[in-house]
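A short write-up of the structure that comes next.
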Amino acid sequence: MKTNVETPISPRIRAPKQDRSAVVEPPLNVSAAVAAYNGKISAETNLEICETPIAVFQREARAEFLLAAADYVNQYAGVSPNPSEASLKPIYLTGHQPQLFHPGVWFKNFACDNAARRDGATAINVVMDGDVISGASIRVPGGTASAPTVENVPFDAAEAPISFEERRIADFEAFRSFGNRAAEILRPLVASPLLNDYWPMVQKSLGEDRLIGKAFAQSRHQLELSQGLKSLELPQSRMCGLPSFRRFIAHLLSDLPRFSAVYNQAVLNYRAAHRIRSDAHPVPLLKTEGEWSEAPFWIWDAKNPRRRRLFVKYENSGYVLSDLVDLRLNGPAPAGSDGSAFVAALERWESHGVKIRSKALISTLWMRLFLSDLFIHGIGGANYDQVTDQIIRDFFQLQPPRFMVVSATLHLPVAREPFDEYETRNLKRALRDVDFRPERFYQAPFLPVEKAAEEVRRLIEEKCRWLETTMTVETAKARHRGIVSANAALAETLADRRNQLKNELEEALRRCQANAVLTWREYAFCLYPTEEIMDFFSRLCRCGDK
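Taken in order, the sequence shown gives residues 1 to 546; the numbers are from my numbering.
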């Protein structure tokens, strides 16, 4: 099948820059209309997933998903909604890695819950624990408002990159003391951060498995429930273990060559539209290694829990799955059946420690197309999911479900000195002019030439004569020497002015640096005061209701 290389690519969405601002596209109050549009997509197609009509497959997948989410939340929060009752409602989804993200990311959860309650839907957050943890520390601001500092404060020892699903605490003392250490640094700027309540919850949630991502996510969700949210949660790791998702894996692998061609073309179109040269963005292409074709999944096992690319080849009327390093799994071919034999093989492999998890684009494709009536993206996911839209069009022959984009910017509530973003640029230009255009300082609005000393007037006139001299091969060297000499002599008369400008520039750079530290939008949500962040979210949700 020829892929749709003419699919239009939308402009990239940018994060809001101003304090207490948000991006919400389309507005929250049209969420029901977007969900209704999405609900019609599967009803207008004959597509089958493993010999099951897509509408039936969706109902089965959502029932499994809802039951798993209800059971999961009940384990740590004691909240046990009725899955059969929830199955009659639309599902609104969002998701993110279980890390200490900034308030703009956290706002997605509040927006999803707000829209779901208004529309009579069920809100669920998928904890993307298949992603690799980026580090074991966060940036914490300290110092004073006029001279702020930033420290990287570790909550654990540095470890080799590994998925949140497998990342366990290595340094219990660093983990135990993190809350006090971070709060002490932060205290001159924020006296009572959410961290004071959140970190004891994280320590209590850690459990015997020592999984830090799980502790982060469950504690954050309990905070949300304490604020009145009614949402459910489910980790990606558990979502990928559901029978419906394993049938979805079977469906993709049964037509992997065509899927890979569509996937790669969609990525190339995105790169071309946005003039991206990197082979890693938005995602790497799926590769072919001899007989092996790369599938859009990660694989790892208990012996080597670091995720690797999954490769597949057809052999002896079955499929062989491998990482091309250690693992080699022989299973039945999923083609031409309901996928049950292949699903059973996946379940058997996982019981022996082998894990297969979806890559980023496949995760959102699965959630948007099969699990939700409405998906709420952040800015990064929304930009990259333009690729997913083309995959849905070209592989599944469906119009992609529409999604919403939600993010926000909240600065730390610290009084800042007045700051002009153009001041440093103007001062740098003025300092350069001392050396290369010193005459301007003897002109209005500085000092009129007629009031300048006689020697200064002579130097300015000399420079003007050289500037008016036509530059030729014969005059070029003398002209250059004359201008440089006049500039140097004039600059010597401006020593006091140079020092004044340097002092002003140093002060402006100090204010610029202080402003950059205090207005960085990526500080972890737990570093903000509880009332500040909750009031901000409440205001944004009220605006969305109008």
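Don't be surprised by glycine CBs; every beta carbon is placed ideally from N, CA and C.
DSSP three-state label for residue i, please.
i	result
V127	strand
F155	coil
R238	helix
V387	helix
L28	helix
K108	helix
K17	coil
L47	coil
G39	helix
K598	Beyond the ends of the chain as shown, which are 1 and 546, falls residue 598; an answer cannot be given.
F525	helix
I169	coil
F342	helix
N4	At N4 the pLDDT is 39, less than 50, meaning the model places this residue with poor confidence and gives no usable figure here.
I133	coil
I91	strand
Y422	coil
A22	strand
L211	strand
P193	strand
Please work out which residues of its chain come closer than 8 angstroms, Cβ to Cβ, to residue i, disregarding the five sequence neighbours upstream and downstream, and give them in chain order.
i	result
A160	R306
R328	V320, L321, S322
H96	V105, K108, N125, V127, M128, G378
With a CB to CB cut of under 6 angstroms and the five nearest residues on each side skipped, what residues in its chain are close to residue i?
i	result
W466	R479, G482, I483
P235	V127, D129
T3	No answer about T3 holds up, because its pLDDT of 35 lies below 50 and its placement is not dependable.
V354	D301
I133	F164, R167
What does the Cβ neighbour count give for residue i, buried or exposed, with the cut at 16 atoms within 10 Å?
i	result
Y570	Given that the chain is displayed from residue 1 to residue 546, the structure contains no residue 570 and the question cannot be resolved.
E165	buried
K230	exposed
A452	buried
H281	exposed
H352	exposed
P27	exposed
F155	buried
F172	exposed
E233	buried
M239	buried
F436	exposed
E439	buried
P200	exposed
R432	exposed
Which whole-angstrom value describes the C-beta separation of residue i and residue j, a residue pair presumed to lie in contact below a C-beta threshold of 8 angstroms?
i	j	result
E462	A486	5 angstroms
E64	P243	6 angstroms
A43	A35	14 angstroms between Cβ atoms; not a contact.
Y76	S205	7 angstroms
Y523	H102	6 angstroms
F297	L310	4 angstroms
For chain C, is any of its Cβ atoms less than 8 angstroms away from the one on residue i?
i	result
Q397	The question asks about chain C, but that chain is absent: this structure has only one protein chain.
I'd like to confirm the pairing. Which residues does DSSP put opposite residue i in its beta bridges?
i	result
M404	I376
R309	W298
E224	Per DSSP, none; premise fails for E224.
Y319	Y314, G331
Just to confirm my understanding: we take residue i, look at its own chain, exclude 5 residues before and 5 after, and list those with CB closer than 7 angstroms. What are they?
i	result
V79	V73, L225
M534	Q227
I41	L398, Q399, P401
L565	Outside the displayed span of the chain (1 to 546) sits residue 565, for which this structure offers no information.
Comparing the CB of residue i with every heavy atom of the ligand ATP, is any distance shorter than 7 angstroms?
i	result
A516	Although the ligand ATP was asked about, the structure shown includes no ligands whatsoever.
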